[in-house]
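Residue numbers (my numbering), protein chains in the order written: chain R, 1 to 349; chain Z, 1 to 349; chain D, 1 to 616; chain U, 1 to 616.
Glycine included, each C-beta is placed from N, C-alpha and C at the ideal position.
Have a look at the structure below before the remarks.
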Amino acid sequence: MSNETIEIEIEQPVKLTKEDFVSDQMVKWCPGCGDHAILSSLLKVLPNLGTKKENFVIVSGIGCSSRFPYYVKTYGFHGIHGRAAALASGIKITNPELSVWMATGDGDSMAIGGNHFIHILRRNIDINILLFNNKIYGLTKGQYSPTTSFGTITKTSPQGTIEHPFNPGELVIGAQGTFFARVVDTNPKMMTEVMLESAKHKGTSLIEILQNCVIFSNQIHSIITSKETKDENQLHLKHGEPMIFGKNNDKGIQCNGTKLKVVKLGENGISEKNILIHNKNTADPGIHLMLARMYPPEFPVALGVIRSVKYPTYENSMEKLIKRAKKTSPLKSVDDLLNSGNTWKIKPF
Amino acid sequence: MSNETIEIEIEQPVKLTKEDFVSDQMVKWCPGCGDHAILSSLLKVLPNLGTKKENFVIVSGIGCSSRFPYYVKTYGFHGIHGRAAALASGIKITNPELSVWMATGDGDSMAIGGNHFIHILRRNIDINILLFNNKIYGLTKGQYSPTTSFGTITKTSPQGTIEHPFNPGELVIGAQGTFFARVVDTNPKMMTEVMLESAKHKGTSLIEILQNCVIFSNQIHSIITSKETKDENQLHLKHGEPMIFGKNNDKGIQCNGTKLKVVKLGENGISEKNILIHNKNTADPGIHLMLARMYPPEFPVALGVIRSVKYPTYENSMEKLIKRAKKTSPLKSVDDLLNSGNTWKIKPF
Amino acid sequence: MTKKHNNVVNVEDVVVRFVGDSGDGMQLTGTLFSDASAIAGYDFATFPDYPSEIRAPQGTIAGVSGFQVHIGHKDIYTTGDLADVLVAMNPASVKSNIKWARTGATIIIDTDTFTEKALKKAGYTDNPLNNDSLKDYNLVKAPISTLTKECVANLDVDNKTAMKSRNMFALGIIFFIFNRDYKSADSFLEEKFKQKPLVLKINKQILRAGYNYADTIEAIESTYNLEPAELEKGTYRNITGNVATAWGFLAAAERSGRNLFLGSYPITPASEILQELSKHKQFGAKVFQAEDEIAGIVSSIGASFAGSLAVTTTSGPGLSLKSEAIGLAVMTELPIVIVDVQRGGPSTGLPTKSEQSDLLQALFGRNGEAPVIIIAASSCSNCFYYAYEASRLAIEHMTPVILLTDGYLANGSEIFKIPKIADLSAINPPIVKPNDPDYEPYKRDNEKLNRLWAIPGSEGLRHRIGGLEKENIYGNVSHDPDNHQLMCELRADKVKRVANYIPKQKIIGKKKGDLLVVGWGGTHGVLLEAVKKMQKKGKKVSLAHFNYINPLPKNTEDIFSNFKKIIVAELNLGQFVLYLRMNFQQIKFEQFNKIQGLPFRVSELVDKFNQILEEK
Amino acid sequence: MTKKHNNVVNVEDVVVRFVGDSGDGMQLTGTLFSDASAIAGYDFATFPDYPSEIRAPQGTIAGVSGFQVHIGHKDIYTTGDLADVLVAMNPASVKSNIKWARTGATIIIDTDTFTEKALKKAGYTDNPLNNDSLKDYNLVKAPISTLTKECVANLDVDNKTAMKSRNMFALGIIFFIFNRDYKSADSFLEEKFKQKPLVLKINKQILRAGYNYADTIEAIESTYNLEPAELEKGTYRNITGNVATAWGFLAAAERSGRNLFLGSYPITPASEILQELSKHKQFGAKVFQAEDEIAGIVSSIGASFAGSLAVTTTSGPGLSLKSEAIGLAVMTELPIVIVDVQRGGPSTGLPTKSEQSDLLQALFGRNGEAPVIIIAASSCSNCFYYAYEASRLAIEHMTPVILLTDGYLANGSEIFKIPKIADLSAINPPIVKPNDPDYEPYKRDNEKLNRLWAIPGSEGLRHRIGGLEKENIYGNVSHDPDNHQLMCELRADKVKRVANYIPKQKIIGKKKGDLLVVGWGGTHGVLLEAVKKMQKKGKKVSLAHFNYINPLPKNTEDIFSNFKKIIVAELNLGQFVLYLRMNFQQIKFEQFNKIQGLPFRVSELVDKFNQILEEK
Ligand SMILES: Cc1ncc(C[n+]2csc(CCOP(=O)(O)OP(=O)(O)O)c2C)c(N)n1
Ligand SMILES: Cc1ncc(C[n+]2csc(CCOP(=O)(O)OP(=O)(O)O)c2C)c(N)n1
Ligand code: SF4
Ligand code: SF4
Ligand SMILES: [Mg+2]
Ligand SMILES: [Mg+2]
């Protein structure tokens, strides 16, 4: 298969455009749903990955977000609820040349699909996962999800939920994930940048997209995304740069002892030098976990690529084992196998 | 139900002993299996919890470790593979007075049961989980598990595994777990102490027991447990005390910047004061994650209670909602409900 | 009410269908109409028909949402085949729903919406109001939008707000057509908008405007007059199948003295049961929204072990996922009710459509020999009784019970005569008394063969169960060959003996005849209507509609043997008929199947049954 | 070899059963004996019978491990009813296994192990060697432990090591009894212990000592002489059902030009297929050990979409978990093979025992109308062919196929005539060529009705599929009622038409007769033996043993209609018989069922069949 692809890359220096990926299906999300912005960001990214258009596959589970594959003209598979990661694994392992994207929701991947979610992360199969976190089950009309904040009133929690929610970033790290980023559906520029970076990452990359469901959890992320509060509540992480935020770029994150703290630049003699420098590549994820946890009012929310570390991908390791076995095994065909080991001949009577 | 129990506690100041919990079933684990030591530790703990013997329930999934319920004379449920956490949840939510214990393996809880495992942790249902981590599927005779170290040769990985393993402690933390401890099957004293503490913790407590499978993964933990190496490779954590270890108590853990480091006491002017003090109660789990990750040769393995924080339990929150609803709802019976809202009468013709 | 210039037609029953854009409030309009009818003493049945998208694009066919109401003075069993009156709020509604109106039906149209843009969105190349395409209908063309806006010009509201109540204008017209007092909607509107006095005012005003408009214009050819239904005396309410199911469990919990535990994961069309029960913590009902369907059922099994009346609710794909755990409940012989609100399959299939295609899965979808009780509800309101009955059987026989309903029952509504809980049959949980010296985990009742329920916390009854084969009486793990055979047979026998504890199968019509129509579950209403129609014409046709499926009622074979022909009608490719064939090899069954995500129509059934009668 | 003082008995076949503690190496002993027999040209069948615990407590009944070998010069179809020779290494072995020895059988016993402690552990109150309890057998009491130790006294080994090879002493005795050259075991021992020369030496030496001991003492009353089997010429090997299954898939992958992908989660008794395939990366086989059964099948569906020959393997509880995903494969019409190695159910049941109780689950265990092809292997070696055939049907018909085997076939072994891969029937994947302008995702082959396989990466074929109902030809999501009916029927029809592409059902015996014995899957050998036995006695009995279950071969009804009586014999409570009843209502089927985690015995079958023949 790798031969095939090399040929193809030579054959096709054609420049692709967004139009190469626009599907003929009517987009059926609610007007105003954050999903539209995510779709348009991905449509901007796909043509620019240097991959031929037939080598993209988009898979999903079930949910509003999981309708995604219909809206992009690639190979696509709208699976069953919660199982997108397993589908994607089978596809990518079969053909590592494919660029596999997965669109999924907080219900699809953190509720019913939780097990496949944590396992794909630890296996580090090179899939790009877009996790649409609207903190609600949209498609089934408004039940709480594993990311719904404690106490929220929904159709199935008329007195408020009593469950401690997952924070996707923390779960990704706990599951040995090698790439975690967080973006908001209101910032298309950052979405495309981060998607591009995730595509380049070798291994499972998880982008949590804080997505607005206008119908069932409208404004759930507004403390982070609203015009009035976003400057104070968003920290845009950049690798190698100090963690500074605020309307006037006058606040920063410090790590003292084993805890993070927001400090004001210029106060108590604090300057840029005292601010934590973001290093997305550190193997020990302790600090990434702390960053992923930050939440207003105490902290701003960390956006951008929080963690990106190198680790062998499953499918590469698999291809290596196969290559080695092909080279070293005396068995060249199934006939050889059938005749290997203890056999005996019966001569004609 | 709470009334009942209060009565019972008064009725029964009887002192229980280990014999009250010894079952009549033949213990069928392999001679030399680490499971025996775990069983005998729990048998020591149960009589000392101040709970009447009929209020214990032990549940499990499937695996060698999951045979556990047969060997303790309590109410017991040997479930199906991977589902012990869901079973336990239903039991505890139904009757919060019960002391529910769960025996499970690395396959049972981290492979097929992974989803229920992470969800019980985030819900913080007050179950005491004993995770027998032998890094192998014992009962099915030696396939690799999600905790098997990269490269290990097993029945299903004749050329070595190509999967990045879970580290239970990290997954627990990523899943918002409120209690995590780690022990070795060769240290019964620590096992009983930690089990006692886990029983007292309100919420899901997870004890990872590094357990030896003499048949399929013999000595897998020996770098930690063997006589020769254990002093240098075990760090016994004690809350509020500095993290000191080594045969001569001359090594310690330091946190510089965002990383942990092993240092030698007395060298470079380092004294006990420079050593990190263990605080199992910090809400931010960043440091707990770092501790859970430590592994030889760079680090000793952290044993004892790594994390223990307070958070409402699911079943308590549930009982509160019920109490409130009972007090405030005008509906006192199902008859009331049927006749509530819009109804109309048809008079006899 | 004054009737001026139109005929009053007396009818037995009438079908009204409200259709508009998802945002047009057609569900509310339909509900108001049916509730107002109910108060006036009519029987009715309703069914909502909405798109699978939450908000499909406005003005498109995909975005059309409908609500059908069937009212009448005789017993109403179905939501009706074709509509007598169609209210269509925009071109897409006409385009997609005209097929559901009978020839000659009255079609009420908001002409203001027939703009070029809207016509195009709906897929019309030509305006149907300007050509012949609707000539077979009685069109009532009203500039509803314009009139609505005008009518609230006196109030301080913008156009957008006013337009949201356009549906009330249409409802006003309908009230006029059916000679219904518009005040009868007031109390519902007052309840609905009690927090929003302005909205209430707008709605009331527009409703009256619609009524008056109809009274004024000459487009209404005739109004309808229905005699009130001859209903038994009592207190009634409107109920959907899902709410009825939820309440049935609450009743069973109260009556059995067990706490209700529901472990469930949301799925269309079953989610409302979960949502409804979440509201009733005042009865101690514990609702656990699980992480998936497996945790849903397994937590319920745990809850059952701990003494709850344990329930799990789902639809087809979820039932698939619960297969393994149902086997565990079979082996541990614990009571648990599994509700499957069937929808279109296979796989994700047609999630918002109804069918009856999970029957064989319910019967056989588990590894090993794993028999369970299966019952099916057959009307929105009897979901209450079958949920109760499922609980009774599960608890008294210590076994899992699968209760089958379907999307049609679940979302549809009908009137429900409110029973007294004390009048329902008792539920006696076979609970062991603490310290019972004779207790053994797998000792059985001699008659029913159920084992006993020893609940954790009880003194002197500690025991261990699980999914491995159990030793008879003692419940230890056993690999003994003869014991395995014995236990497999005991488990099968236990379920078979349930036949001794359920009612005999009823037959509607004569006990002997030319044709027996056989159905099960949600198709009851329409089969009954078809059979009654034929009986009136003197045909020797009877109906045996099944609620008890495994085991079948004891008199089933007797019933079958008295008819020349038997036809089994189902909304699938033929599942109950297969089951009957394997149980009654000597009897010949014909079959009639439809699998379109739609209910049967009375007319197609009558045609088919007549055809069978005529065949040699 | 000198034969001195004993009789030589000529026999057609002989059953030897080796039993000892789990640690006693009985599996190895049995394998060596069967392999040595094979080399000598005999046919054979073997079956291991080990405890479900990994190492049950030493010396107890729970810890006894057995291995049965049936060898003979005629075709060997079963592992034999009762043993002619029983090798029992300790008291617990005697206690638990004496019931498997025929009256008069030779029992070889290590008298050294009959200590008071060991007797007590085995549950004996009295030493059976000192009382009459074993008087019906020909006891060969040998101090095997003592002699073993003595025999290696010249070598530098401790007692413990020596004792590990105690089994070789027993094997030596057996070799003598069967007039088998002890050197025939040498090559196997050399292969096995090639890294451990000392162990090899010990084993060889002890084997010879055993042989010589038997030759010397006078306890051996008679030795057996078997004529070699009349086997077709060719190259043979020993194979277990699980290995044969694995290799069948490798062959199908090679022949179809597709990469093999296995997504699987370990489960007894299916794990060996996964383990075997993990070894064969040289053929490009990709084995994905999934986190659970659901991920096992779903990853396979993904792999199938991407162009692999996709397989998932499991046992009953795992099949339950795969239910929902099988529906997805039905809807997306992708090829995938699901292997279910059946074991005792329900629930966890009897994991190490075999039965045939997943048939109805395989047929019906999914939501909605979701038909799949079902085939069943019927011998250890034809697992190879049916795995191949399952792959062929899945790929050529673009549909999931369930292949049923069972624990008995899976772990048992028999001789396998090695085929040439080129001689197997071709597999032609219906792959679409890049840029095919006519491609539509749900366009079908006219004859088979399969859709085509358009593999990601191919130019000009981008398309999207999923679990929602598909529009005919185009594959878009469709809620259209008529389309749904059409698609349900097309999917059903596609599977029905497979009947045109499978062989006709064979019948063993006359085409007409008094009794037709019907079976399916793993019971073939024993049913055949029973039927042949009766045919020899002149009874008009034939056998129709099914490998193709859904659809059934086209001539099935014809076959059935030619017999006065039909009996369906199965290791369950009657599943195939139900399926036959619903398919052939006009035909009467009797049934014979056994559900004990044990195979049928020839004798009980013959008794039953004779009884049926006699009944009026
Ligand atoms: C097996 C199964 N269980 C449940 C469902 C019902 N279901 C479909 S989507 C969904 C949750 C969707 O939530 P999320 O993944 O957050 O997606 P969103 O709609 O919010 O984008 C549920 C419960 C299903 N389709 N299949
Ligand atoms: C549904 C299902 N899948 C697979 C199995 C087979 N199985 C039983 S236990 C087990 C793994 C056991 O490993 P672990 O949980 O680590 O327990 P251990 O035996 O090592 O204590 C597996 C795969 C099963 N019983 N049921
Ligand atoms: S329901 Fe919410 S998530 Fe779904 S399409 Fe509408 S706005 Fe988006
Ligand atoms: S196989 Fe391993 S884990 Fe299982 S009982 Fe034996 S030693 Fe213990
Ligand atoms: Mg969501
Ligand atoms: Mg393990």
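- Between residue 93/R and residue 325/U, the CB-CB gap reaches or exceeds 8 Å.
- Counting along the chain, residue 610/D sits inside the alpha helix (DSSP H) bounded by residues 602–614.
- Residue 63/Z is outside the set of residues whose beta carbon lies under 8 Å from a beta carbon in chain U.
- Residues of chain D with a Cβ closer than 7 Å to the Cβ of residue 335/Z are, in chain order, 420 and 421.
- Look at the segment 99–125 of chain R: the residues with a C-beta under 7 Å from a C-beta of chain D are 111, 112 and 114.
- For residue 145/Z, the distance from the CB to the nearest heavy atom of ligand 2 is below 7 Å.
- Only 265, 266, 267, 268, 271, 274, 275, 278 and 279 from the segment 257–280 of chain D bring a Cβ to less than 8 Å from some Cβ of chain R.
- Taken through DSSP and simplified to helix, strand or coil, residue 167/D comes out as helix.
- Spanning the alpha carbons of residue 479/D and residue 350/U requires a straight line of approximately 7 Å.
- Looking at the backbone, the Cα of residue 206/Z and that of residue 110/R are separated by about 21 Å.
- Relative to the non-hydrogen atoms of ligand 3, the Cβ of residue 68/R never comes closer than 7 Å to any of them.
- With contacts defined by Cβ atoms closer than 8 Å, residue 115/Z and residue 314/Z do not form a contacting pair.
- Distance from the C-beta of residue 473/U to the nearest heavy atom of ligand 6 is not below 7 Å.
- Residue state for residue 450/D is assigned as coil, using DSSP reduced to three classes.
- Minimum Cα-Cα distance from residue 254/Z among the listed residues 183/Z, 182/Z, 331/Z and 299/Z corresponds to 299/Z.
- Residue 91/U and residue 114/U do touch by the CB rule: their CB atoms are close to 6 Å apart, below 8 Å.
- Taking the CA atoms as reference points, residue 301/D sits about 43 Å from residue 259/R.
- Between ligand 2 and residue 50/U, a heavy atom-to-CB distance of less than 7 Å is absent.
- Look at residue 232/U: its C-beta is under 8 Å from a C-beta on chain R.
- Along the segment 541–579 of chain U, the alpha helix (DSSP H) occurs as fully enclosed runs of 4 or more residues at 556–560, listed in sequence order.
- In terms of Cα proximity to residue 24/R, the closest of 150/R, 72/R, 312/R and 224/R is 72/R.
- Looking from the CA of residue 204/D, the closest CA among 270/D, 148/D and 11/D belongs to 148/D.
- By the rule that beta-carbons nearer than 8 Å mark a contact, residue 182/D does not touch chain Z.
- Counting other Cβ atoms within 10 Å of its Cβ, residue 102/R reaches 16 or more and is therefore classed as buried.
- Neighbours of residue 255/Z in chain U, taken as residues whose beta carbon is under 7 Å from its own, are absent, since the nearest beta carbon is some 34 Å off.
- The C-alpha of residue 156/D lies about 36 Å from the C-alpha of residue 221/D.
- If you draw a straight line from the Cα of residue 144/R to the Cα of residue 262/D, it comes to about 16 Å.
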